[in-house]
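Heads up: the structure comes next, in structure tokens.
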Amino acid sequence: MDKNKSTKANHNVVKFNRWGYIFLIPFFVTYIIFSLIPLFSTIYNSFFENYRSGLKQIGPNFVGGANYVNLLTTPEIWKYLGNTLLMWVGGFIPQIVIALLLAYWFSDPSLRLKGQRFFKTVIYMPNLIMASAFSMLFFALFSDSGPVNQILLSLGAIKEPFKFFQFVGASRILVMLMNFLMWFGNTTILLMAGMLGIDSSLYEAAQVDGATASQVFFKITMPILRPIFIYVLITSLIGGLQMFDVPQILTNGRGNPMDALTTVIMLLNRYLTSKDVGRGGALSVFLFIVTGILSLVVFRINSSKEKD
Amino acid sequence: MNNETTMKPHGVPIGVRRTIAYITLIFFSFLCLIWFYILLINSTRSHSEMTLGFTVLPSTHLLDNWSSLINGTIPIARGFLNSIIVSVCTAVLCTYFSAMTAYAINTYQFKGRAAIATFILAIMMIPGQVTALGFLRLIVRLGMDDSIVPLIIPAIASPVTYFYLKQYMESNLPLSLVEAARIDGSGEFRTFNTIILPLIKPAISVQMIFAFVGSWNNYFTPALILHTDTKKTLPVMIAQLRGADWLRFDMGQIYIMIAASIFPVIVIYLLLSRYIVGGVSAGAVKG
């Protein structure tokens, strides 16, 4: 009787567990159609010569790895990868420093900061703003006759309008500033959640042992925050490699001055809009691999530190 | 609270630290808001007023700018409608089916469950851009080029939303509840729709907002798929503005168009900022 009952229960559980598969169907059907098939199709197309030259359609002809050789031996891609990483780093370093500082202050009970909710609301807001609109706004604000120049002129800081978009440095700094503004609030909140999760008995023990505030920060707070650091770093790096909206709209897709603002995804976008399928495919696969390796490297670096 | 007494000898007095913290916070808040303040002011000023210089106070041309934008060459009203349709549908499909996926992984002990969960985590990292080429070719082959459908349907498979909802279910959804529903004779699908979904409403709403905002702001894919002016979403129209010989444009129109396209998100955010900011940190505590 007992045995009978248990097999029946088992049977029931198995019957119910079948629903796990049923509930997964929409996800997997959609994923296979709109992500997996496109991924394989992208890889497949990267081995073909297939583009338009004027009115003439070239290919598709199988060319093996020629698109990859072509992609990796022209200096373009390295320059654009350099641009992308430079503008990412320039936004990321101030972002992580400021976020760490603000998160530390927010979660420090001895400071008892007032208006925390207001400050958090304000600094997170740029993250939700449409990047293309934000970029268009910056373009208008920093244009030769825009409000920023008008304000600087009326303050007497400059004698004639400063042409922000004619200088490599100034244009890049504007992109970095936008990236910084859009992401430092988000990072602050992530780091703060990690800091508030730290067991307060650790701090109490450190005090008993006579640790200084900076010792507590570097020996307790930082090591415990490590997983969140990895998370922030990886997601920011992968997001940085996808940098597109801001420089694309700021420079109208041209990446000027001197192609210094062209990012890797802007190059991909050029291939996609000009229907250069082969080279676009090779670049996509290249990006797919770089994204994978970089996230792995960052992950490794951080986990080896843990063992020291 | 003991911090104060023990740590004081080593560091800066608390009052000084607090002042520095406030000054820094006010500075960065200012840095976040100043651009939107200028945007707001300039949206109310006419083109000729703007050529004269910047003023701190708003002017009276807000409605003039708005009506010239609406009656201008860009089908902005259509853009709004398109953006709303795409974003609302995306938000609904994305959260409903992500919840369903998360529920499947969280509740049922089927074979291959762990492997599937790991697989979804692994594909979370793959950026959409690397499959864009194949995606575009597929869309053309399916006859969905120049349509908003391919901007909506793929949202059914959203690994990030799935991940947040699964985290939430793990700590907030007692499985005994599912058992109880079964004993009461509720079918699995009905249990999910009528018992589980209402229970995870807080997480669903937050993810719905994120999905809405993400779709509302999306520029890369719509710019590649939408070709007809009346089918375009707002970000694509804004980019077009930049492409036009924009110095000849009425600047009042440009500012009000930017303002109008970010306004809905700002309103949603200000109304629900507590939940949104909370939702951001909820994902981080996974450790």
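These protein sequence lines are chains A and B, in that order.
For the first sequence, position 271 (counting from the first letter as 1) is numbered 1130 according to the working numbering, and the numbering increases by one without interruption.
For the second sequence, position 252 (counting from the first letter as 1) is numbered 254 according to the working numbering, and the numbering increases by one without interruption.
Just so you know, even glycine gets a beta-carbon here, dropped at the ideal spot from N, CA and C.
Check                                                                                                                                                                           : Outcome
Cutting at 7 Å between CB atoms, please list the residues of its own chain near M1102 of chain A, excluding the five before and the five after it.                              : T943, M946, W947, T1122, I1124
Using the beta-carbon of each residue, which ones in chain B are nearer than 7 Å to N876 of chain A?                                                                            : Y110, Q111, F112
For G114 of chain B, which residues of its own chain have a beta-carbon under 8 Å away from its beta-carbon, when the five flanking residues on both sides are left out?        : none
Quick one: what's got a C-beta closer than 8 Å to L1055 of chain A's C-beta in the same chain, skipping five residues either side?                                              : S966
With DSSP run on the structure shown, which of helix, strand or coil describes G1139 of chain A?                                                                                : helix
Which residues in the same chain as G81 of chain B place their Cβ atom closer than 7 Å to its Cβ, once the five residues preceding and following it in sequence are excluded?   : K234, T235, L236, M239
Residues in the same chain with beta-carbon distance under 8 Å from I982 of chain A, minus the five sequence neighbours each way, listed in chain order, please.                : L961, F1043, G1044, T1047
In whole angstroms, what separates the C-alpha of F1024 of chain A from that of S1002 of chain A?                                                                               : 7 Å
Expressed to the nearest angstrom, what Euclidean distance is found between the alpha-carbon atoms of K1166 of chain A and P1082 of chain A?                                    : Unreliable positioning characterises K1166 of chain A in this predicted model, as indicated by a pLDDT of 43, which lies under 50. The coordinate reading is nonetheless provided below. Using only the alpha carbons, I get a separation of about 11 Å.
Fully enclosed by the segment 150 to 184 of chain B, which alpha helix (DSSP H) runs are 4 residues long or longer?                                                             : 151 to 154, 161 to 174
What is the residue span of the alpha helix (DSSP H) that Q1107 of chain A lies within?                                                                                         : 1104 to 1109
Can you tell me the Cβ-Cβ gap for L930 of chain A and A1141 of chain A, rounded? I've got them flagged as a contact below 8 Å.                                                  : 5 Å
In three-state terms, what does DSSP make of Y1130 of chain A?                                                                                                                  : helix
Hey, which unbroken runs of the alpha helix (DSSP H) at 4 residues or more fall wholly within the segment 901 to 989 of chain A?                                                : 925 to 932, 934 to 966, 975 to 983
Whose CA, out of B:D66, B:W37, B:H63, B:G136, lies closest to the CA of I227 of chain B?                                                                                        : B:G136
Contact between the segment 49 to 64 of chain B and the segment 120 to 137 of chain B: three or more CB pairs below 8 Å?                                                        : no
Looking at chain B, is there any beta carbon in it that lies within less than 8 Å of the beta carbon of Q954 of chain A?                                                        : no
Taking the alpha carbon of A213 of chain B as the point to measure from, which residue in B:V267, B:F194, B:Q242 has its own alpha carbon closest?                              : B:V267
Does the CB of A286 of chain B have a neighbour CB from chain A at under 8 Å?                                                                                                   : Per-residue confidence for A286 of chain B stands at a pLDDT of 46, beneath the threshold of 50, marking its modelled position as unreliable; no derived number is given.
Excluding the 5 residues flanking H229 of chain B on each side, which residues of the same chain have their C-beta closer than 8 Å to its C-beta?                               : D147, D148
Any beta carbon from chain A within less than 8 Å of T8 of chain B's own beta carbon?                                                                                           : Confidence is the limiting factor: at T8 of chain B the pLDDT is only 44, short of 50, which leaves the residue's position unreliable and the question unanswerable from this model.
Answer yes or no: do F907 of chain A and G918 of chain A have a C-beta to C-beta separation smaller than 8 Å?                                                                   : yes
For W842 of chain A, collect the residues of the same chain with a Cβ closer than 7 Å to its Cβ; drop the 5 residues on either side in sequence, then sort them by chain order. : Absent from the model: residue 842 of chain A. The displayed extent of chain A is 860 to 1167, so no value can be given.
With DSSP as the reference, label I198 of chain B as helix, strand or coil.                                                                                                     : helix
Measuring straight from C-alpha to C-alpha, what distance separates I185 of chain B and Q111 of chain B?                                                                        : 18 Å
Take L1000 of chain A and list the residues in its own chain whose beta-carbon comes closer than 6 Å to its own, dropping the five residues that flank it on each side.         : P1006, V1007
Would V88 of chain B and I154 of chain B be called neighbours here (beta carbons separated by less than 8 Å)?                                                                   : yes
Are L1061 of chain A and L1084 of chain A close, meaning C-beta to C-beta below 8 Å?                                                                                            : no
By Cβ distance, which residues of its chain are closer than 6 Å to M210 of chain B, with the 5 residues on each side in sequence left out?                                      : A93, T97
By the three-class DSSP mapping on this structure, what secondary structure does E190 of chain B have?                                                                          : helix
Residues of chain B with CB under 8 Å from Y910 of chain A, in chain order?                                                                                                     : The contacting residues do not exist; Y910 of chain A stays about 12 Å from chain B at best.
Hey, is P919 of chain A's beta-carbon within less than 8 Å of any beta-carbon in chain B?                                                                                       : no
Among A:D1135, A:L940, A:Q975, which one has its Cα closest to the Cα of S912 of chain A?                                                                                       : A:D1135
Less than 8 Å between CB atoms is the rule here; does T980 of chain A satisfy it with respect to chain B?                                                                       : yes
If you follow the alpha helix (DSSP H) that M102 of chain B is part of, which residue opens it and which one closes it?                                                         : 78 to 109
Using the C-alpha atoms, what's the distance from C91 of chain B back to F265 of chain B?                                                                                       : 20 Å
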